[in-house]
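Numbering (my numbering), first residue to last: 241 to 434. Working notes, beginning with the structure itself.
Below, the structure written as structure tokens:
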């Protein structure tokens, strides 16, 4: 668990803030979308996959945005989508793996006391093995030599999360259970309508 998680949120010591947004981050293959859907179901909250929001707004797939406009344009669209969602209540939000590289996005995710940013952590070989199991197109897998460097570059940003949950060797339900266990010790979590 991160130092920030150990001391709680940015409120007075010992006080627990009401949780409004549970946000999942981690490298591709961490299970953000799968675990996020489970968490939302169990909490009675809405699940939102940031990539789906970007695709709906753009009327293009993530792969098409990368191919036609490049990564910088995708990151701009990603930042705009996070800004639009920053006031939503009772949501579980699965970020794209690179969202935390943007300082303004990190600020929107970390500083509001009603947010909990959770880093789903696993070793890179396990993450990449998970990516080959699904049918989802992952543009960054086309550059295998750059993946390890990208993962290493992102780790310090992932580790700024309020909570870190190790996912290696765990089924998605077990990961969701661990997330809820950690989060409920630091925030007051109200169940939504199921």
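Don't be surprised by glycine CBs; every beta carbon is placed ideally from N, CA and C. Predicted model, so just to flag it, every value in this text is computed and none were measured.
Practice task
For residue 291, count neighbouring C-beta atoms within 10 Å of its own C-beta (all shown protein chains included) and say buried if the count is 16 or more, exposed if not.
Solution key: Taking the chain shown and counting its residues from 1, the one referred to as residue 291 is at position 51. Buried, since its Cβ has 16 or more Cβ neighbours within 10 Å.
Handout entry: Integer Cβ distance of residue 401 from residue 367, believed to fall under 8 Å
Key = Locating residue 401 in the chain shown gives position 161, counting from the first residue. Locating residue 367 in the chain shown gives position 127, counting from the first residue. Contact between residue 401 and residue 367 does not hold, since the beta-carbon distance rounds to 16 Å and is not under 8 Å.
Exercise for the section: May I have the straight-line CA-CA distance separating residue 297 from residue 321, to the nearest angstrom? Expected result: Mapped onto the chain shown, residue 297 falls at position 57. Mapped onto the chain shown, residue 321 falls at position 81. A straight-line Cα-Cα distance of about 9 Å links residue 297 and residue 321.
Handout entry: Reference residue 325, options 419, 389, 294, closest by Cα
Key = Numbered from its first residue, the chain shown carries residue 325 at position 85. The option with the nearest alpha carbon to residue 325 is 294.
Handout entry: Exposed unless 16 or more other CB atoms sit within 10 angstroms - verdict on residue 428
Key = Stepping through the chain shown from its first residue, residue 428 is reached at position 188. Exposed.
Problem - Identity of the residues DSSP links to residue 258 by a beta bridge - result: On the chain shown, residue 258 is found 18 positions in, with the first residue counted as 1. The partner list for residue 258 (beta bridge, DSSP) reads 428.
Handout entry: Beta-carbon gap between residue 365 and residue 275 smaller than 8 Å
Key = For the purposes of this step, residue 365 is taken as the residue at position 125 of the chain shown. For the purposes of this step, residue 275 is taken as the residue at position 35 of the chain shown. Not closer than 8 Å, so no.
Problem - Sequence-distant residues of the same chain with beta carbon closer than 6 Å to residue 361, five excluded per side - result: Translated into the one-based positions of the chain shown, residue 361 becomes position 121. Hits under 6 Å: 404, 406.
Handout entry: Which listed residue (277, 425, 369, 258) has its alpha carbon closest to that of residue 415
Key = Translated into positions along the chain shown, residue 415 becomes position 175. Closest by alpha carbon: 277.
Practice task
Pull up the distance between the alpha-carbon of residue 317 and that of residue 256, whole angstroms please.
Solution key: Here the question's residue 317 lines up with position 77 in the chain shown. Here the question's residue 256 lines up with position 16 in the chain shown. Distance between residue 317 and residue 256, taken at the CA atoms: about 33 Å.
Practice task
Measure the CB-CB distance between residue 359 and residue 309 and report whether it falls below 8 Å.
Solution key: Here residue 359 refers to the residue found at position 119 when the chain shown is read from its first residue. Here residue 309 refers to the residue found at position 69 when the chain shown is read from its first residue. No, the Cβ-Cβ distance between residue 359 and residue 309 is not below 8 Å.
Exercise for the section: Just list the alpha helix (DSSP H) runs in the region 297-378, keeping only unbroken ones of 4 residues or longer that don't cross its boundaries, in chain order. Expected result: Uninterrupted alpha helix (DSSP H) stretches at least 4 residues long and entirely within the region 297-378 occur at 302-309, 311-325, 343-350, 364-371, given in chain order.
Problem - Continuous beta strand (DSSP E) assignments of at least 3 residues falling wholly in the region 388-426 - result: Qualifying beta strand (DSSP E) stretches, in chain order: 403-406.
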